[in-house]
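Here the structure comes first, spelled out in structure tokens, and everything after it is commentary.
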Amino acid sequence: MLIILKRLLSQIEGVRLLGLKLENGVTSFTDVKTADWYNSAINTAYAYHLIEGFEDGTFRPMDKVTREQAMVILSKAMKITGLKAKLPVQLADEALLPFRDAAEVSVWAQTSVADSVQAGVVSGRSTTELALKDCMTRAEVATIIQRLLQYSGLI
1 MLIILKRLLS
11 QIEGVRLLGL
21 KLENGVTSFT
31 DVKTADWYNS
41 AINTAYAYHL
51 IEGFEDGTFR
61 PMDKVTREQA
71 MVILSKAMKI
81 TGLKAKLPVQ
91 LADEALLPFR
101 DAAEVSVWAQ
111 TSVADSVQAG
121 VVSGRSTTEL
131 ALKDCMTRAE
141 VATIIQRLLQ
151 YSGLI
């Protein structure tokens, strides 16, 4: 997901729309080197608090991203674009009520998952399942980025 986001941001229009500057250089993650091709994407996402990495100081750049992790990143991006501020106040339980797997949401992701669903940027794999522990497909990533930009009034 970060690579697609970086490609989006690296286009001049995308950077200007979000007001983000690409970051290069040394990262805070022990497993991301300056020479790595994804260094700029990770640095940019980290600089804008879209990602945090893991408690052991790693980012694990070659791991797949779960739908739950992607929704946390998305929720943080919604703050940058102003979309989160437009959402009515709603309890996470209410937003996730239609999904039978809502109890599987990790505590650290509950608000972010609820915000992503409430904004309509992310939907379930079905009308009753979020499939939070599944990996997000490239098609899903492209769709949520497009929705994020559209619902935020940036495109």
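For the sequence shown, UniProt numbering gives the first residue as 1, with consecutive numbering after it. Ideal Cβ placement from N, Cα and C applies to all residues, glycine included. Computed from a prediction, not measured in an experiment: that's the story for all the values here.
Query raised in the report: Among residues of its own chain, excluding the 5 on either side of lysine 117, which ones have a beta-carbon nearer than 6 Å to its beta-carbon?
Result: Looking at the sequence shown, residue 117 is not lysine but valine. Here the set comprises Ala95.
Query raised in the report: Nearest CA to the CA of isoleucine 80: which residue from Ala103, Ile42, Leu50?
Result: Leu50
Report task. Could you check if proline 98 is buried or exposed, using at least 16 other CB atoms within 10 Å of its CB as the buried criterion? Result -> exposed
Query raised in the report: DSSP on serine 40, reduced to helix/strand/coil?
Result: helix
Query raised in the report: Hey, is the region 59-67 in contact with the region 81-91, meaning 3+ C-beta pairs nearer than 8 Å?
Result: no
Report task. Count the CB pairs spanning the region 101-119 and the region 129-144 that are closer than 8 Å, and state whether there are at least three. Result -> yes
Query raised in the report: Applying the criterion that 16 or more other CB atoms from any shown protein chain within 10 Å of the CB defines a buried residue, is glutamine 69 buried or exposed?
Result: buried
Query raised in the report: Going straight from the alpha carbon of threonine 143 to that of isoleucine 73, what length do you get?
Result: 14 Å
Query - Extent of the continuous alpha helix (DSSP H) run through glutamate 52 - result: Element bounds for glutamate 52: n/a, residue is neither H nor E.
Query raised in the report: Less than 7 Å separating the beta-carbons of methionine 71 and valine 113?
Result: yes
Query - Beta-carbon spacing of leucine 83, alanine 119 below 7 Å - result: yes
**Report entry** Simplified DSSP assignment, three categories, for serine 116
**Finding:** helix
Report task. Count the other C-beta atoms from every protein chain shown that fall within 10 angstroms of the C-beta of threonine 57, then say buried if there are 16 or more, exposed otherwise. Result -> It should be pointed out that residue 57 corresponds to glycine in this sequence rather than to threonine. Exposed, by the Cβ-count rule.
Report task. Please list, in chain order, all residues of the same chain as leucine 87 whose beta carbon is under 7 Å from its beta carbon, the five residues on each side excluded. Result -> Asp115, Gln118, Ala119
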